Amino acid sequence: MSADARLGLGLIGIGNVGTTHLNALTSMKKASLLDIDITAICDSDENVLKRATQEFHIQSAFTDYNTMLENKDIDVVFVFAPTAKRADMIKAAAKAGKAVFSKKPLASSCPQARDIMAVVLDSKVPSGIGLTLRFDPFLLYAKELLRQHDFGRPISAHIRCDQRFPESLEARSEHDSDMSITGRGTLVEQSILDLDVLTWFFGEVKSVFAKVGFFREQGVEDMASVMLTHKDGTVSTLDSIWHGVDRPHERRMEFFFEDGFIGVTLESGEARLDYQLGSGGPIRVHPETAASALLEHLGITENDLPLDAYNTLSSGPEQRYAALSYSFLTAVRNGTTPSPNFKDALALHEVVDAAYDSATRGQPVDIL
Numbered sequence: 000m001s002a003d004a005r006l007g008l009g010l011i012g013i014g015n016v017g018t019t020h021l022n023a024l025t026s027m028k029k030a031s032l033l034d035i036d037i038t039a040i041c042d043s044d045e046n047v048l049k050r051a052t053q054e055f056h057i058q059s060a061f062t063d064y065n066t067m068l069e070n071k072d073i074d075v076v077f078v079f080a081p082t083a084k085r086a087d088m089i090k091a092a093a094k095a096g097k098a099v100f101s102k103k104p105l106a107s108s109c110p111q112a113r114d115i116m117a118v119v120l121d122s123k124v125p126s127g128i129g130l131t132l133r134f135d136p137f138l139l140y141a142k143e144l145l146r147q148h149d150f151g152r153p154i155s156a157h158i159r160c161d162q163r164f165p166e167s168l169e170a171r172s173e174h175d176s177d178m179s180i181t182g183r184g185t186l187v188e189q190s191i192l193d194l195d196v197l198t199w200f201f202g203e204v205k206s207v208f209a210k211v212g213f214f215r216e217q218g219v220e221d222m223a224s225v226m227l228t229h230k231d232g233t234v235s236t237l238d239s240i241w242h243g244v245d246r247p248h249e250r251r252m253e254f255f256f257e258d259g260f261i262g263v264t265l266e267s268g269e270a271r272l273d274y275q276l277g278s279g280g281p282i283r284v285h286p287e288t289a290a291s292a293l294l295e296h297l298g299i300t301e302n303d304l305p306l307d308a309y310n311t312l313s314s315g316p317e318q319r320y321a322a323l324s325y326s327f328l329t330a331v332r333n334g335t336t337p338s339p340n341f342k343d344a345l346a347l348h349e350v351v352d353a354a355y356d357s358a359t360r361g362q363p364v365d366i367l
């Protein structure tokens, strides 16, 4: 595919995440960041399709994804359907020769993720996965701090992620037949992103010890506490919670090193980064400063960007989605390997499955 080719996009699943991506993709198109065409969308709900086609001025809409995949003008397929439904859609898109991007998590289990990966590799198509925190400006700035300064060896890292119990599950019981749509609970559906951050910063994992809790009767865990031992000996921990408290969704990250500290708060409307080196005083990094790390990561010079393009990539509710999609689609257009991709997703599913196994067995589980 030539570097200046227009990419035709097809989206499957126009729920909350699908709509957020539609907004991000539309903003990128309007800002002339990429030459793309949202060729078609697909959803099982005809009312959803009607609303989306009108709101986003999309010409083609389908209730059957296989029919949509027959469209030769579609080069890339984004899959945002519920977790337990995604595997067949992703495999069908790959077999149709389309580059494919999936919402996280890739699958309900590691064996299912391996099966998807095998089909994508056989089809020789590019893949991308929605690990959006890799495109958070504050986390990219933190990575840059670690490259530029000697923080010393990592001592301990912790992430606490909490949000209200998903509305889609509130009315269901553990005996509801539709529970299969959800997959699992907070660990994989929400905090696979947090596990990705911990492995991104501190390396591969060699063992996992986990506990999970079921405080409601919806059949999926709403609490998970996980301890990771990384291959270099670093220990990191995660607490992931779904609750009924009327408070903003929040992520708090604390990374301690021998000679430094990095703390990041996300999602709460008060996103920030604080760090400290040795005997120096604490320093707070604000969004405008952190945005420079994101643009550098994307290979973009701020001075070359119109204001609307800068705002699309660096701020607003769709910022991470826009930046991730920009990175993925640029790689597809240029014929390079997207990052993150399904290989990264599979490695995370190995950690997640080890955590569930550990919680069941009540002991640490090694990752071979």
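So for the sequence shown, numbering that gives the first Met the number 0 puts the first residue at 0; every next one is plus one.
The C-beta atom is built at its ideal place from N, Cα and C for all residues, glycine as well.
Remember, it's a predicted structure, so these values are computed and weren't measured experimentally.
Rounded separation between residue i and residue j - CA only
i           : j           : result
residue 16  : residue 79  : 7 Å
residue 311 : residue 26  : 6 Å
residue 89  : residue 99  : 7 Å
residue 29  : residue 307 : 9 Å
residue 213 : residue 221 : 6 Å
residue 273 : residue 241 : 26 Å
residue 290 : residue 361 : 42 Å
residue 110 : residue 356 : 14 Å
residue 217 : residue 210 : 18 Å
residue 7   : residue 35  : 6 Å
residue 124 : residue 97  : 6 Å
residue 325 : residue 10  : 15 Å
residue 102 : residue 322 : 14 Å
residue 254 : residue 261 : 5 Å
residue 372 : residue 195 : The structure shown does not extend to residue 372, since the chain is modelled only from 0 to 367, so the question has no answer here.
residue 141 : residue 245 : 30 Å
residue 304 : residue 32  : 9 Å
residue 294 : residue 359 : 43 Å
Which of helix, strand or coil DSSP assigns to residue i
i           : result
residue 307 : helix
residue 37  : strand
residue 366 : coil
residue 11  : strand
residue 21  : helix
residue 291 : helix
residue 48  : helix
residue 342 : helix
residue 108 : coil
residue 30  : coil
residue 42  : coil
residue 359 : helix
residue 173 : With a pLDDT of 46 at residue 173, under the threshold of 50, the predicted position of this residue should be treated as unreliable, though the coordinate-derived value follows. If DSSP states are grouped into helix, strand and coil, residue 173 belongs with coil.
residue 150 : coil
residue 217 : coil
residue 314 : coil
residue 56  : coil
residue 84  : helix
residue 299 : coil
residue 16  : helix
residue 123 : coil
Identified DSSP bridge partners for residue i
i           : result
residue 160 : 239 and 250
residue 96  : Looking at the DSSP assignment, residue 96 forms no beta bridge with any residue, so it has no partner.
residue 374 : Outside the modelled stretch of the chain, which goes from 0 to 367, sits residue 374, for which no answer is possible.
residue 347 : Beta-bridge pairing links residue 347 to no other residue.
residue 222 : 212 and 240
residue 155 : 234 and 255
residue 6   : 35
Residue span of the alpha helix (DSSP H) that contains residue i, given as start and end
i           : result
residue 211 : Looking at the DSSP string, residue 211 is not in any alpha helix (DSSP H); the run it does join, the beta strand (DSSP E), is 204-212.
residue 324 : 318-333
residue 191 : 191-201
residue 69  : That residue, residue 69, is in no alpha helix (DSSP H); it is neither H nor E in DSSP.
residue 185 : 185-188
residue 146 : 136-147
Start and end residues, beta strand (DSSP E) containing residue i
i           : result
residue 76  : 75-78
residue 59  : 59-61
residue 126 : 126-128
Cβ-heavy atom distance, residue i to the ligand ADP, below 7 Å
i           : result
residue 212 : Absent from the structure shown: the ligand ADP. Ligands present: none.
Discussion item. Could you tell me which whole beta strand (DSSP E) segments of length 3 or greater appear in the segment 225-289?
Written reply: 234-242, 249-256, 259-265, 271-276 and 282-284
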